[in-house]
Each structure stands twice: as structure tokens, then as C-alpha cells.
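What follows is one structure encoded as C-alpha cells, with my remarks underneath.
Number of protein chains: 4
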Amino acid sequence: MQGVCLVIGAGAGIGGTVGRRFARAGYHAALCRRTGQEDLDALVAEIEADGGGASGHLLNAVDDGAIEELVEKVETEIGPIEVVVYNLGAQIGNRPLTETSYKAFELGWRMATFGLFRLANAVIPAMEARGSGTLLVTSATAAVRGNAGQHSHAAAMGGRRMLCQSLNAEFAPKGIHVAHILVDGSVDAPDTLGKMLGEEGFQALRESRGGEHDGLMLPEKMAETYLHIAEQHRSVWTHELDLRSFSDLAWWNHR
Amino acid sequence: MQGVCLVIGAGAGIGGTVGRRFARAGYHAALCRRTGQEDLDALVAEIEADGGGASGHLLNAVDDGAIEELVEKVETEIGPIEVVVYNLGAQIGNRPLTETSYKAFELGWRMATFGLFRLANAVIPAMEARGSGTLLVTSATAAVRGNAGQHSHAAAMGGRRMLCQSLNAEFAPKGIHVAHILVDGSVDAPDTLGKMLGEEGFQALRESRGGEHDGLMLPEKMAETYLHIAEQHRSVWTHELDLRSFSDLAWWNHR
Amino acid sequence: MQGVCLVIGAGAGIGGTVGRRFARAGYHAALCRRTGQEDLDALVAEIEADGGGASGHLLNAVDDGAIEELVEKVETEIGPIEVVVYNLGAQIGNRPLTETSYKAFELGWRMATFGLFRLANAVIPAMEARGSGTLLVTSATAAVRGNAGQHSHAAAMGGRRMLCQSLNAEFAPKGIHVAHILVDGSVDAPDTLGKMLGEEGFQALRESRGGEHDGLMLPEKMAETYLHIAEQHRSVWTHELDLRSFSDLAWWNHR
Amino acid sequence: MQGVCLVIGAGAGIGGTVGRRFARAGYHAALCRRTGQEDLDALVAEIEADGGGASGHLLNAVDDGAIEELVEKVETEIGPIEVVVYNLGAQIGNRPLTETSYKAFELGWRMATFGLFRLANAVIPAMEARGSGTLLVTSATAAVRGNAGQHSHAAAMGGRRMLCQSLNAEFAPKGIHVAHILVDGSVDAPDTLGKMLGEEGFQALRESRGGEHDGLMLPEKMAETYLHIAEQHRSVWTHELDLRSFSDLAWWNHR
Numbered sequence: 130m131q132g133v134c135l136v137i138g139a140g141a142g143i144g145g146t147v148g149r150r151f152a153r154a155g156y157h158a159a160l161c162r163r164t165g166q167e168d169l170d171a172l173v174a175e176i177e178a179d180g181g182g183a184s185g186h187l188l189n190a191v192d193d194g195a196i197e198e199l200v201e202k203v204e205t206e207i208g209p210i211e212v213v214v215y216n217l218g219a220q221i222g223n224r225p226l227t228e229t230s231y232k233a234f235e236l237g238w239r240m241a242t243f244g245l246f247r248l249a250n251a252v253i254p255a256m257e258a259r260g261s262g263t264l265l266v267t268s269a270t271a272a273v274r275g276n277a278g279q280h281s282h283a284a285a286m287g288g289r290r291m292l293c294q295s296l297n298a299e300f301a302p303k304g305i306h307v308a309h310i311l312v313d314g315s316v317d318a319p320d321t322l323g324k325m326l327g328e329e330g331f332q333a334l335r336e337s338r339g340g341e342h343d344g345l346m347l348p349e350k351m352a353e354t355y356l357h358i359a360e361q362h363r364s365v366w367t368h369e370l371d372l373r374s375f376s377d378l379a380w381w382n383h384r
Numbered sequence: 130m131q132g133v134c135l136v137i138g139a140g141a142g143i144g145g146t147v148g149r150r151f152a153r154a155g156y157h158a159a160l161c162r163r164t165g166q167e168d169l170d171a172l173v174a175e176i177e178a179d180g181g182g183a184s185g186h187l188l189n190a191v192d193d194g195a196i197e198e199l200v201e202k203v204e205t206e207i208g209p210i211e212v213v214v215y216n217l218g219a220q221i222g223n224r225p226l227t228e229t230s231y232k233a234f235e236l237g238w239r240m241a242t243f244g245l246f247r248l249a250n251a252v253i254p255a256m257e258a259r260g261s262g263t264l265l266v267t268s269a270t271a272a273v274r275g276n277a278g279q280h281s282h283a284a285a286m287g288g289r290r291m292l293c294q295s296l297n298a299e300f301a302p303k304g305i306h307v308a309h310i311l312v313d314g315s316v317d318a319p320d321t322l323g324k325m326l327g328e329e330g331f332q333a334l335r336e337s338r339g340g341e342h343d344g345l346m347l348p349e350k351m352a353e354t355y356l357h358i359a360e361q362h363r364s365v366w367t368h369e370l371d372l373r374s375f376s377d378l379a380w381w382n383h384r
Numbered sequence: 130m131q132g133v134c135l136v137i138g139a140g141a142g143i144g145g146t147v148g149r150r151f152a153r154a155g156y157h158a159a160l161c162r163r164t165g166q167e168d169l170d171a172l173v174a175e176i177e178a179d180g181g182g183a184s185g186h187l188l189n190a191v192d193d194g195a196i197e198e199l200v201e202k203v204e205t206e207i208g209p210i211e212v213v214v215y216n217l218g219a220q221i222g223n224r225p226l227t228e229t230s231y232k233a234f235e236l237g238w239r240m241a242t243f244g245l246f247r248l249a250n251a252v253i254p255a256m257e258a259r260g261s262g263t264l265l266v267t268s269a270t271a272a273v274r275g276n277a278g279q280h281s282h283a284a285a286m287g288g289r290r291m292l293c294q295s296l297n298a299e300f301a302p303k304g305i306h307v308a309h310i311l312v313d314g315s316v317d318a319p320d321t322l323g324k325m326l327g328e329e330g331f332q333a334l335r336e337s338r339g340g341e342h343d344g345l346m347l348p349e350k351m352a353e354t355y356l357h358i359a360e361q362h363r364s365v366w367t368h369e370l371d372l373r374s375f376s377d378l379a380w381w382n383h384r
Numbered sequence: 130m131q132g133v134c135l136v137i138g139a140g141a142g143i144g145g146t147v148g149r150r151f152a153r154a155g156y157h158a159a160l161c162r163r164t165g166q167e168d169l170d171a172l173v174a175e176i177e178a179d180g181g182g183a184s185g186h187l188l189n190a191v192d193d194g195a196i197e198e199l200v201e202k203v204e205t206e207i208g209p210i211e212v213v214v215y216n217l218g219a220q221i222g223n224r225p226l227t228e229t230s231y232k233a234f235e236l237g238w239r240m241a242t243f244g245l246f247r248l249a250n251a252v253i254p255a256m257e258a259r260g261s262g263t264l265l266v267t268s269a270t271a272a273v274r275g276n277a278g279q280h281s282h283a284a285a286m287g288g289r290r291m292l293c294q295s296l297n298a299e300f301a302p303k304g305i306h307v308a309h310i311l312v313d314g315s316v317d318a319p320d321t322l323g324k325m326l327g328e329e330g331f332q333a334l335r336e337s338r339g340g341e342h343d344g345l346m347l348p349e350k351m352a353e354t355y356l357h358i359a360e361q362h363r364s365v366w367t368h369e370l371d372l373r374s375f376s377d378l379a380w381w382n383h384r
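Residue numbers (our numbering), protein chains in the order written: chain A, 130 to 384; chain B, 130 to 384; chain C, 130 to 384; chain D, 130 to 384.
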């Protein structure tokens, strides 16, 4: 059976692109997203047309048992999960405290923190039995600093980062590579940033970043680093790295 | 009406001692703990015998509405809450991933992260209206690094720390002081560490720390720093500080 | 003999004010600055008029042997140095790489890093023999992040911070308290910020910070925290804390 | 002319191996080390036998003008320096404060901090004129925490890290990629760790790390990550990453 790269959160930005890249590297890409069967089917078809293996799975990660069942199904029906990309964001935009509902705060935690914990519970025992496995976690600036209006996002991502460290501490010696990938810039992703800004605003942002538009982070290029991290030899593992465009200001700097 | 110092988590260690110290400084100490009416009554009586004002409140902070109602009651019946000490821990000892239940993980978040968010929602609007207020948050090493077995605790405390930062970013300019107090050592607290180690083990630890037993962190001494932080002039606020005994190894060091 | 608080860098801002505060708390304030005999004499006279003990010492800290001789002289002629405040800054304003001379870069290191190392060498052995002592190090945002144009300052302060940690690791168990005080805001200091901005610019900044001018960090208020840190019981030491005004943006935030 | 990868500190561990890897990727490897002409010649011969381009340069990086002249010579005689690897360590083992001489402390700074500053001054203007360039800086745990006995090393590496950040802040927008690579484990390097431990001790350590000896960090595997970082597209740059073996404990963890 072919090794599987499971992507939780496989939209048109980082997730889907990373899945496609791993498929090209020989993995079966098991792609999950909450909605959008058509887009998912199109992505699977594209990968298969390219000679790769892929499958699409609609998944609401916050549903009880959803992640756990998916992991079991993939392991049973497709193949051993060698790489997991946890790519669920929890950004809800800047909201003052009084406009951040309990429900939004809890949902942030369910997606960003608890979902990762559930995934780890579901997927790591089989990896441990095999003596290897990789868990790549997309993260955000909010994991390392809480900005105004980011109550839900920062609490959720801060929890995610510490969880990645405790997972690494327990499982690195057992051959499981956990990496916390800090995305500290604007991604050229129509599905997330694009929707947040609207079509016109997004296009304006793109153009403000120069002729090659690479002042935004290009998902195809990001995917190269995801793949590299997954392919690092176990004697040389990266647990945490940041990623941003040359034109982004690092989170610790200001103008 | 007298200014109130509300302590969420007022046991025999940090919380109760800090409450007593603030009472001596002129605040009414509103002391909350989950169980132990007798101990609570005794603490209130002790403060009153000392000439201070205090009240005791049994509170299960994770119950829906419990924190919110308490805040409203204190503001209405006792006085304006000038200082809040959020002192609920979420340490459950080191547990491997497979022995960390979903329930334990969620409870950690409810106590360490969501409880603070609910408290902030309940108490900050009145502080904002008054143009001042102080929120002192006891935190732990797990807020800055995830150790093996600390999945629940680290995720919960990491979320707490980022939340403190986002609260500070929104409310410092409005006169509200949020401080994240990183307790990075063993506290001489019979209620928590003592119970975890058992009476004999706790006594042995105490004695291993030298004749004055001050190799453990003494709550009476910690309370002085809590009070100092609350009394800092608004032109000189500390948002984060660490505390440990001279004989503790800082979390970033190793032997 | 009276316990001494030695202040290296005792100008009209933090250093001199902290010295005055410690004198009021019963220490002999040994005040050092590079130039300005008259201002130094005036400060000593003011402290003495207030009933305190003080002495003034012109000192070019980067001169070979200058710090070492001063420490010896103070220990011999005045009294045991119980507290040292290392308050030499090394800010030279923002300068592009090509305008940062080797000389400026080296001078930054000599003042901010090497000077502290020399001071530690000179003063800690006597403290160690006495089993106690306090080293308070004023530091800056540049110790935790390198901003554009801050090559010299950031390299120097980053070194200073790591040195504080290694000193703490070696000497805390021996009863010596080392604290790294991160000043992360604009200080209301005519000698430093005032000279950098010019009289008019400084006054404009002051007024922009509101009617009580406490949007700038007030040295008198900062001195209270310096004193508190020095007075912490050894079971409850702070190694690192940040300080900023309620109206300053924390270094990790942006607008 | 062929693009050059200049390696400052090209011994038998990370530096030489990285140089060899870049040569295989098409760069001319300009390899510098302080002593060991024979080893250097052998490495150059090995690269050339492999079909690559290389040159060897003896260089005492702390000599006045040495780095500057080398950069000029390479740019003039060999080709444009597209990548620089600054790989000079400054570890002198654990030494108590009183056994850390002023000379050792200063030498640490000259190698770890000032040398990088001088290199940046020498090499960045030409990179800036070309609109691209990469500066890979090998760093150590001491850059992020000061341990006991690490006074010289920690101060030097802490300065190095902050300098990398200020260089990144100024030059990333100009197309120059600066990466701070935190080596947080024991490298299988006979020249450094091997010499420190002695032949027998080093062999014992190797064997303690398991049958494949990959509990030590293998330089050949590290070189893959150095190359990946240099090849990242400018829309997706990593500024900081850590590297350790699966069997190393991360610096923030303890047993």
C-alpha cells in the first residue's frame, strides 16, 4: 500500500497545494475539507491526471468522532498515514472583547487546539507502532503574540503551539517528527485571504506587492518547504520555523 | 464602597495568601474557591480579626454563568472590583498522550483559558467605564514550553498567555493593567503541591531545600510581588514577569 | 558600614532617580556617570539634604580597569556593595548597515555587554563571599528583537540579555539575584530621549501623551519597581520583567 | 562566472559538508578555515573529483581586514557571492565566571558577533546591487538561553541572533535572505565535538546513540536543510529554524 499524506484543511491555498506537492512526491494525498465537494473532486482529478494518487473527504473536523473515524478509514482502506498536515485555521478577524462571543472563542479552540489533540490521539499510535511518522502543523503569528482583537485566535493558536511542543517532547524519541510551521505573512490564497478582503480588495493587495505578485506568499513555494520538512532525516529535524515573504515585516519588527 | 480584590482560586497557597495581603493593603478580599467552606470561613475570619474586610464564595468556575454571576454580585453588593487575581491552575501531572482523556484536555482549557476569557468579559467593561483596573494572572512554566506529558496543561496555559497579551493590547490604552505572572518553581503550598506529593513526600522536599525552607517559593513573599504589580503606576506597568526561588533552575536552563 | 547601591550610569533619567530612591530606602548611593561633575554634585547634595548617603564618581566605563577600580574603591572606602544597577545604554539611533561603523559597533558591545561582564567579575566574588547581592540590569527592547537600523544596539543588548541569564544560572544558587529589566517604552528622561529629540521635540512628545504626561515612563515610578525587585525575598525572585507605559505598544504588537 | 557559495568555517563538520553540498548543486564552493591547509586541499580535491568547483582559503577571521579582503578577492577573482555560510563557533566549554578571562570573552564576541557584522558589511552591498543574496548563519542554543558557564558563548551568540534579525529587517525587502539556523543538538563532527571529547569519548557517545549513530546530527543531512533554505523562493523565506536529532531533547525541555 502507498504511504498516505493526510491533509486536514485542503482548500485552494496552502492545504490543497501541499497535498498536490506530496502526491507528486509519491504519496497518496488524502484531502479533507469541510465543504466544497466540487472543488475537492476537481483537485483529486487534477492530481490523478498528473499521475498521482488522491482521494477527497468532506469532513467537519469539530464534529464528535469525525477526525477519529477518518483516520481509521484512511489507515484501513487507503494506506498507512506517513504524513499529516494539520492546516485548519481559526482566524475570525479582529474583534474587540465584547464582540467575541463565547461560542466563537470555543470554536477557535475546537478547530485550532482540540482538533489537533484529537488528531494526535487518533494517528500517533499507529505511527508509533511503525516507528516513524510526520505531523506538520500550519500555524500563525498569533501563536507567538496576542494582538488586539485576536482573543480567540491567539488563545487557540498559543495552545496549539504548546501542544506541538509537548507532542514533540513525548514522540520525537519514538521517531515521530512534529513541526510547527509559523506562517507569518499574507498568503496568496483566494479561499481565505481572498474571501476576507473581497475580490477587488484582494486583487489590489496582490498588485501592491509588485509585478511578480510574490510579495504575497505563494502556496506552491510554501509546499516545497512543507515537503522538505517531511523529508528531513531523523538526525536533523526542525521543530519550528517561520515563513514569510521577503516583503513581509517579521512579527517582531515594526516600521 | 471599598475597592475589591477578587481572587478566583483562593486556596491555602498563592491565592489565599495574596487575598490576605491585599486585605491588609486596604482592599476587601472577595475570596473564591471550589470547595472547602470551613477553610474559606477560617480565612475570612482571620482577615477580619486582622482588621481587614473579606468575604468567602464557593464557586465552581467551570459552571455556566458562575463567574459572571459572581462578578455581578460582588460589584453590586460589595464594591467595585479594582483588582482580580485569576489563580486557577490546570496541572494534572505528567500523562502520556494516550492517558490524557478528551475530558481532561477540555477541562484544562475550561479552567485555564476559557475561564479567564469569561472573567475578562464579565469584569472588564466595568473597569473600562471606571478607566482603571488590574488583572493579575497566575501562570506556569507550561505557558512558555510544552514538556513531555503536559499536553493538557501546556495547551491550556499557552492559550492563557496569548489571551493575556491580546487583552493587554486592547485594554492597556484604556487604563487596565493585565499581568501574566509566570510561576516557574515549586510553591510551598500544602493544598496543591502538598497533596500531589503526599504529606511525607512534601515534608521531604521541604527539608531538601535547606534550613529556612525557602528553596520552595513562599506564598507570603510571592504576595508582595502581586501587590507591587497591582500598585505600579500606569506609566510603568509590567506585563510579564517570572518568579522562582534562588534554588530553582530557570525553565530555560538544565543541569 | 552602610550597604551600598552602586549605580553605573546615573544620569537625570532612570539611573539617578533609582539611586535617589535606594538612598531613601537606606542605602548609600554610589553614583557614577561619565561626565557632568556639577549635575552629579547636585544630585549627591540633594540626597544628603534629604537625609540620605551618597557619593558621586566620574567614570568612563569603557576605560580599562575603570569599573574594576571603582568597585574596589567603593567596597574598601564606603561599604559592601549590596545592589548594583547597571544602567548604561548603547542606543545610537537607527543607522543603516553601511553607516554603522566598526567603531560604533564595538563601542556598543563595550558599553552594553563587556562592561556588564567586567562589572560582574569585579563585584560578584565579594557578593558570593557574603552569600547575597543584587544585580539589576536595565535593558531595552533591542535585547529581544533586532529592528532595522539597530545592528549595533541589538547585537549589544542581545548579548547583555544572554549574559544576564548565564550569570543567573551560575549565581542564583549562591544567593545572588540577577534581574534583566526590559524597558520597552519611551522614558521621560531629558538626558537621553530629550537630547535625542531636542527640547522642542521632546516637549511635543510629552504633550502628545496626555495631560498628566504619564504616557511617557516616569523615572520616579520606575524606581519603585527597581527597589521592589531588589527587595524580593530569595524564595521569590524575578529574573526578567518588562516595563512600559499604559499607552506604549508592547514590542510584540503592532497597530 | 559561476555563482559562489562562500563558507566561513569549513571544517570537517557542518561547514565543509555544506560546502560540498552546495558545490554539487552547482555553486563554486569557496572554503575558508583558520588552519589545516592539507585538509582544505583534500576537500577541494574531493569536490573537484566529484565534478564540482571549489577553492580553499586559509583565513583567520578575527584578523583585521581578513574577511573583508577575502570577500573582495572572491568577488573579483572567482564570481559573485550568492550564498554565504557563516559557520564560526565560539564554544569554549563551560567555565565559571572567574575562569572566563576578558580575553576569552572578547574573542567569543570577535568570532561570533563582530565577525558576522564585518562579513555583512563586506558582502551585502554587492548582493544589494544584484538584488539578491543569501546569508546562512549557523547558530547554537546559547543564542536563545544562557546556561551556567556559558558567559562568553551566550553573550556572543545572543548578539549574533539579534544581529541576524536587524540584518533581516533592513535587507529582506531588498531581496537578501538572512537565516539564523539554531543547531540544538550534538553534531557528529570529529573536528569540534570529537576534539572536545577525545577520540574514545567521542566514539562512546556515538555508540550510545544507537546502531545507525544518527542520534548525533549528521552533517550530510544538515547540509540538505542548508541548501533548502538557500533555495527557498523569496515569497517564502525562513528566518529562523531549529535543528536537532530525534533523540536530542529540545533546549526548552528537561527530563
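Idealized CB from N, CA, C, for every residue including glycine.
Under the assumption that residue i contacts residue j (Cβ atoms under 8 Å), give the Cβ distance between them as a whole number of angstroms.
i	j	result
D:Val316	D:Leu345	7 Å
A:Gly132	A:Glu206	Not confirmed; about 14 Å, so no contact.
C:Asn223	A:Arg274	22 Å between Cβ atoms; not a contact.
A:Leu226	B:Asn189	So it is not a contact: roughly 23 Å between Cβ atoms.
D:Gln220	D:Leu187	Not quite, the Cβ-Cβ distance comes to about 22 Å (not below 8 Å), so this is no contact.
B:Thr367	B:Ala308	6 Å
Of all the CB atoms in chain D, is at least one closer than 9 Å to the CB of residue i?
i	result
B:Val173	no
C:Ala379	no
B:Ala277	yes
Does residue i have its Cβ less than 9 Å from a Cβ in chain B?
i	result
D:Val273	yes
C:Glu369	yes
C:Ala139	no
Below 8 Å on C-beta distance, what does residue i contact in chain C?
i	result
B:His362	Asp343, Leu347, Lys350, Glu353
Give the secondary structure of residue i by DSSP, where H, G and I count as helix, E and B as strand, and everything else as coil.
i	result
C:Val312	strand
B:Ser230	coil
D:Tyr215	strand
C:Ala91	With chain C represented from 130 up to 384, any question about residue 91 of chain C goes unanswered, as that position is not in the structure.
C:Arg373	strand
Shorter than 9 Å from the beta carbon of residue i to some beta carbon of chain C?
i	result
D:Gly262	no
D:Leu135	no
B:Ser374	yes
A:His282	no
B:Leu255	According to the sequence as given, residue 255 of chain B is Ala; it is not Leu. False, the Cβ-Cβ gap to chain C never drops below 9 Å.
D:Leu356	no
B:Ala301	yes
Would you mind telling me which residues of chain B sit closer than 9 Å to residue i, beta carbon to beta carbon, in chain order?
i	result
D:Trp238	None at all; the shortest Cβ gap to chain B is about 22 Å.
Hey, is residue i's beta-carbon within less than 9 Å of any beta-carbon in chain A?
i	result
B:Thr267	no
B:Leu296	yes
List, in chain order, every chain B residue whose beta-carbon is nearer than 7 Å to that of residue i.
i	result
A:Arg290	Gly287
Using Cβ-Cβ distances below 7 Å, what residues of the region 184-208 of chain B are close to chain D?
none
Chain B contacts from the region 307-336 of chain C (Cβ-Cβ distance under 7 Å)
Per Cβ criterion, the list is empty.
Going along the region 215-238 of chain B in order, which residues come within less than 7 Å of chain D, judged by CB to CB distance?
Within the region 215-238 of chain B, no residue qualifies.
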